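**Q** To start, I am sharing the structure in question, which I have written as structure tokens.
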Amino acid sequence: MPVRVRTTGPDATAAVGMALAALLRPGDVVVLGGPLGAGKTRFVQGVAAGLGVPGRVTSPTFVLVRRHAGRLPLVHVDAYRLDDAAALVTLDDDVLADDVVTCVEWGGNVAAALPADRLDVQLTVDGDVADAPRRCTLTPHGPTWAARRGPLATALGDVAGTVDGVTLLPDGPDGPDGPDGSDSASGPAAERGPATGAGT
Ligand SMILES: Nc1ncnc2c1ncn2[C@@H]1O[C@H](COP(=O)(O)OP(=O)(O)OP(=O)(O)O)[C@@H](O)[C@H]1O
Ligand SMILES: [Mg+2]
Numbered sequence: 416m417p418v419r420v421r422t423t424g425p426d427a428t429a430a431v432g433m434a435l436a437a438l439l440r441p442g443d444v445v446v447l448g449g450p451l452g453a454g455k456t457r458f459v460q461g462v463a464a465g466l467g468v469p470g471r472v473t474s475p476t477f478v479l480v481r482r483h484a485g486r487l488p489l490v491h492v493d494a495y496r497l498d499d500a501a502a503l504v505t506l507d508d509d510v511l512a513d514d515v516v517t518c519v520e521w522g523g524n525v526a527a528a529l530p531a532d533r534l535d536v537q538l539t540v541d542g543d544v545a546d547a548p549r550r551c552t553l554t555p556h557g558p559t560w561a562a563r564r565g566p567l568a569t570a571l572g573d574v575a576g577t578v579d580g581v582t583l584l585p586d587g588p589d590g591p592d593g594p595d596g597s598d599s600a601s602g603p604a605a606e607r608g609p610a611t612g613a614g615t
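Below you can see the structure in the form of structure tokens.
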């Protein structure tokens with residue numbers, strides 16, 4: 416069963432990623448999904464901060480993969496341009512390695528290459544303006560993440576209690592979790608052009 420939070424503002428989304436980081440172990444894989452501009456990179460920036468990665472983490476939009484040193488090494492992949500799942504693992508030896516945390520944006524593009532044991536993080540935009548609130552649905556898959564579902568819910572509850580703009584949403588497939596309860600995948604329509612440097 417997923418754990419869901421609502422975030423108003425990029426800092427709130429990053430705070431959720433930061434809280435997740437405390438639960439991460441070597442070999443973990445976090446798969447980010449959601450439409451263009453949903454906040455996937457912002458979430459990973461929070462994970463990076465939580466792992467103690469120094470400096471600014473930017474989107475690997477063009478390099479596709481970047482490794483950062485931290486409490487655990489963070490490997491940040493942008494699979495937007497990958498259409499062949501096998502290409503994920505040939506990008507770099509560090510991708511999905513046992514001794515790093517791998518975060519994959521646009522993981523749906525390479526689903527066949529992703530391990531069964533992983534955390535999926537789906538970001539949706541609740542509205543049609545760029546700064547509309549985001550809904551983050553964190554779904555554990557596989558034994559190690561199933562075992563961490565409780566700690567994850569506790570950690571995100573703590574963030575909701577301490578960080579402005581983070582709300583823990585009730586359990587359940589279709590709970591009253593948004594202003595209209597909708598699950599719109601639409602959002603700020605941004606074209607991710609080939610050379611415009613979309614992403615942050
Ligand atoms: N609640 C929010 N959570 C996250 N980002 C938000 C929020 N509100 C506004 N934003 C803004 O949305 C923009 C897009 O965020 P980000 O680059 O993380 O998205 P993305 O999903 O990685 O995009 P892409 O599809 O290009 O990879 C950023 O400018 C971010 O600050
Ligand atoms: Mg991004």
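Numbering (my numbering), first residue to last: 416 to 615.
Note that CB positions come from ideal geometry on N, CA and C, so glycine has one too.
All figures in this text were calculated on a predicted structure; none of them were measured in a lab.
1) What separation, rounded to the nearest whole angstrom, lies between the Cα atoms of residue 533 and residue 441?
2) Among 584, 568, 460, 546, which residue has its Cα nearest to the Cα of residue 423?
3) Just the Cα atoms here: how many angstroms apart are residue 434 and residue 571?
4) Would you mind stating whether residue 466 and residue 447 have Cβ atoms separated by less than 7 angstroms?
5) Could you check how far apart the C-beta atoms of residue 529 and residue 522 are, in whole angstroms? I think they sit under 8 angstroms.
6) Does the region 535-542 come into contact with the region 551-566, if we say contact requires no fewer than three beta-carbon pairs (one atom in each stretch) closer than 8 angstroms?
7) Taking the beta strand (DSSP E) that residue 448 falls in, what are its first and last residues?
8) Among the residues of its own chain, which have a CB less than 8 angstroms from the CB of residue 591, if the five just before and after it don't count?
9) With which residues is residue 538 paired in a DSSP beta bridge?
10) So, residue 531 versus residue 565, is the Cβ gap smaller than 7 angstroms?
11) May I have the straight-line CA-CA distance separating residue 457 from residue 492, to the nearest angstrom?
12) Are residue 527 and residue 561 closer than 7 angstroms when you measure CB to CB?
13) For residue 495, collect the residues of the same chain with a Cβ closer than 6 angstroms to its Cβ; drop the 5 residues on either side in sequence, then sort them by chain order.
14) Could you check where the beta strand (DSSP E) with residue 482 kicks off and where it finishes?
**A** On the basis of the coordinates in this document:
1) 12 angstroms
2) 546
3) 7 angstroms
4) no
5) 6 angstroms
6) yes
7) 444-448
8) At residue 591 the pLDDT is 46, less than 50, meaning the model places this residue with poor confidence and gives no usable figure here.
9) 551
10) no
11) 13 angstroms
12) no
13) 521
14) 480-483
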